[in-house]
Amino acid sequence: MAADRRVVLDVEGLRMRYGATDVLHDVTFQAHHGEVLALLGPNGAGKSTTIEILEGFRMRSAGRVEVLGTDPAHGGEEWRARLGVVLQSWRDHGKWRVRELLAHLGSYYTCYSTDAIPRPWDTDDLVRTVGLAEHADKKIRMLSGGQRRRLDVAIAIVGRPEVLFLDEPTTGFDPEARREFHDLVRRLADELETTVLLTTHDLDEAEKLADRIVILSQGRIVADGTAVELSRRIAGEDHVRWTRDGQRFTHSTAESTEFVHNLFKQHGAEIRELEVHRASLEDTYMALVRRAESGQDSATESTWKEATR
Ligand SMILES: Nc1ncnc2c1ncn2[C@@H]1O[C@H](COP(=O)(O)OP(=O)(O)OP(=O)(O)O)[C@@H](O)[C@H]1O
Numbered sequence: 001m002a003a004d005r006r007v008v009l010d011v012e013g014l015r016m017r018y019g020a021t022d023v024l025h026d027v028t029f030q031a032h033h034g035e036v037l038a039l040l041g042p043n044g045a046g047k048s049t050t051i052e053i054l055e056g057f058r059m060r061s062a063g064r065v066e067v068l069g070t071d072p073a074h075g076g077e078e079w080r081a082r083l084g085v086v087l088q089s090w091r092d093h094g095k096w097r098v099r100e101l102l103a104h105l106g107s108y109y110t111c112y113s114t115d116a117i118p119r120p121w122d123t124d125d126l127v128r129t130v131g132l133a134e135h136a137d138k139k140i141r142m143l144s145g146g147q148r149r150r151l152d153v154a155i156a157i158v159g160r161p162e163v164l165f166l167d168e169p170t171t172g173f174d175p176e177a178r179r180e181f182h183d184l185v186r187r188l189a190d191e192l193e194t195t196v197l198l199t200t201h202d203l204d205e206a207e208k209l210a211d212r213i214v215i216l217s218q219g220r221i222v223a224d225g226t227a228v229e230l231s232r233r234i235a236g237e238d239h240v241r242w243t244r245d246g247q248r249f250t251h252s253t254a255e256s257t258e259f260v261h262n263l264f265k266q267h268g269a270e271i272r273e274l275e276v277h278r279a280s281l282e283d284t285y286m287a288l289v290r291r292a293e294s295g296q297d298s299a300t301e302s303t304w305k306e307a308t309r
């Protein structure tokens, strides 16, 4: 994550009502410059609604929202040029070739180029970056589903966005494309300091990519923290396993680093086959969502934060 701790996404008391139904209740979170934030939650939790409000495509019912210091409800072209959004409107451009479409869309960003962020992304470099170099001269309608998704991502980043919104970005990716995409997102965040907000149902993906995870359930935030913080607070203890003199040992502790340190201090090289198992994000996620859905949890973000202090 970048050293610069500027708040890039700032959401406070966000509410959304469709007709008589409230689908977002008092949603509050922030993302900092260069941070990857994953928004998780069951179907219908309000993830897409939240992203669309931040993108400026949906009007909120109440609350304060700022993206790069601007209220998305009033964001102009210059503001929009600094965002990366995955749209599917290019699908009408089936006769265009990949390189041609990227060069064309990129040309709209030239006037928003700055010394710090030259725009657009060089087309050849971009097709290589998203793994489409071999297909750069193909017509879009000839691409496979996974290749189209890579093109979606290329289009979203052609303007070198400062904030990138990704709503379930790896649906339809094969494992290799998924891994390449993960590397790309981490590169965008680490090297170009792009702030990324992504939604996913793939908890491994969230754990791998996200600096922080926000879990929504029924329109409320039920957790906000790093994957390790979340699993530590909910599931409690790690399991440490090792062998010594051919004997197998297991110990459960909330302080596994300290425990392992002491273990080595005491027994040094006699320790073999050391393993530390943390509760997975999936265990944590299921526990939090079940708790929220069963109504046991009055856990809004503030109660969660109190619990984690
Ligand atoms: N245009 C709309 N009009 C009325 N209700 C809507 C509209 N769009 C979404 N909703 C409702 O708002 C709630 C949140 O939907 P949203 O699409 O934001 O959820 P999600 O977390 O993205 O779900 P999924 O994981 O299934 O994509 C759902 O109950 C959905 O039915």
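The sequence shown: position 40 = 40 (full-length UniProt numbering), numbered continuously. Beta carbons: idealized from backbone N, C-alpha and C, even for Gly.
Item, Value
"So, for Ala81: in the same chain, excluding its five sequence neighbours on each side, which residues have a beta-carbon less than 7 Å away from its beta-carbon?", "Tyr109, Tyr112 and Gly159"
"Could you tell me the distance, in whole angstroms, from the CA atom of Arg178 to the CA atom of Asp245?", "42 Å"
"Report all residues for which the CB-ligand distance to some heavy atom of ligand 1 is below 5 Å; order them along the chain.", "Tyr18, Val23, Asn43, Gly44, Ala45, Gly46, Lys47, Ser48 and Thr49"
"Which residues in the same chain have their Cβ closer than 8 Å to the Cβ of Val228, if we skip the five residues on either side of it in sequence?", "Arg278"
"Just to confirm, are Ala73 and Met59 a CB contact at a threshold of 8 Å?", "yes"
"Should Pro120 be labelled buried (16 or more other beta-carbon atoms within 10 Å of its own) or exposed?", "buried"
"Taking Arg283 as the reference, give the member of Lys265, Glu237, Ser252 and Ile271 with the closest Cα.", "It is worth fixing the name first, because residue 283 is Asp in this sequence and not Arg. For the residues Lys265, Glu237, Ser252 and Ile271, the minimum Cα distance to Asp283 belongs to Glu237."
"To which residues of the same chain is Phe165 closer than 6 Å at the C-beta, ignoring the five residues directly before and after it?", "Ile51, Glu55, Val85 and Leu197"
"Do Arg186 and Leu209 have their C-beta atoms closer together than 8 Å?", "yes"
"Taking 7 Å as the limit between beta carbons, can you name the residues of its chain near Phe57, skipping five residues before and five after?", "none"
"Go ahead and label Gly219 buried or exposed: buried means 16 or more other beta carbons lie within 10 angstroms of its beta carbon, across all protein chains shown.", "buried"
"Measure the alpha-carbon distance for Gln30 versus Lys139 and round it to whole angstroms.", "40 Å"
"Among the residues of its own chain, which have a CB less than 8 Å from the CB of Leu9, if the five just before and after it don't count?", "Phe29, Gln30, Ala31, Leu37, Leu54, Glu66, Val67, Val163, Thr195 and Leu197"
"Quick one: what's got a C-beta closer than 7 Å to Arg99's C-beta in the same chain, skipping five residues either side?", "Thr123, Val127, Ala136 and Asp137"
"According to DSSP, which residues form a beta bridge with Glu275?", "Arg241"
"Hey, how far is the Cα of Thr226 from the Cα of Arg212?", "4 Å"
"Cα separation between Gly75 and Leu281?", "35 Å"
"Closest to Glu258 by CA distance: which of His239, Thr21 and Ser294 is it?", "His239"
"From the DSSP secondary-structure annotation, give me the bridge partner or partners of Ala31.", "Leu9"
"Could you check what DSSP says for Val86 in three-state terms: helix, strand or coil?", "coil"
"Pull up the distance between the alpha-carbon of Ala206 and that of His104, whole angstroms please.", "33 Å"
"Just the C-alpha distance for Asp125 and Asp115, rounded to the nearest angstrom, thanks.", "19 Å"
"Which ranges would you report for the alpha helix (DSSP H) in the stretch 157-217 if only whole runs of at least 4 residues count?", "175-190 and 203-209"
"Can you tell which of Leu230, Arg272 and Val23 has its C-alpha closest to the C-alpha of Arg248?", "Arg272"
"DSSP three-state call for Ala307: helix, strand or coil?", "At Ala307, the pLDDT of 38 sits below 50, so the modelled position is not reliable and the matter cannot be decided from this model."
"Measure the CB-CB distance between Asp22 and Gly13 and report whether it falls below 8 Å.", "no"
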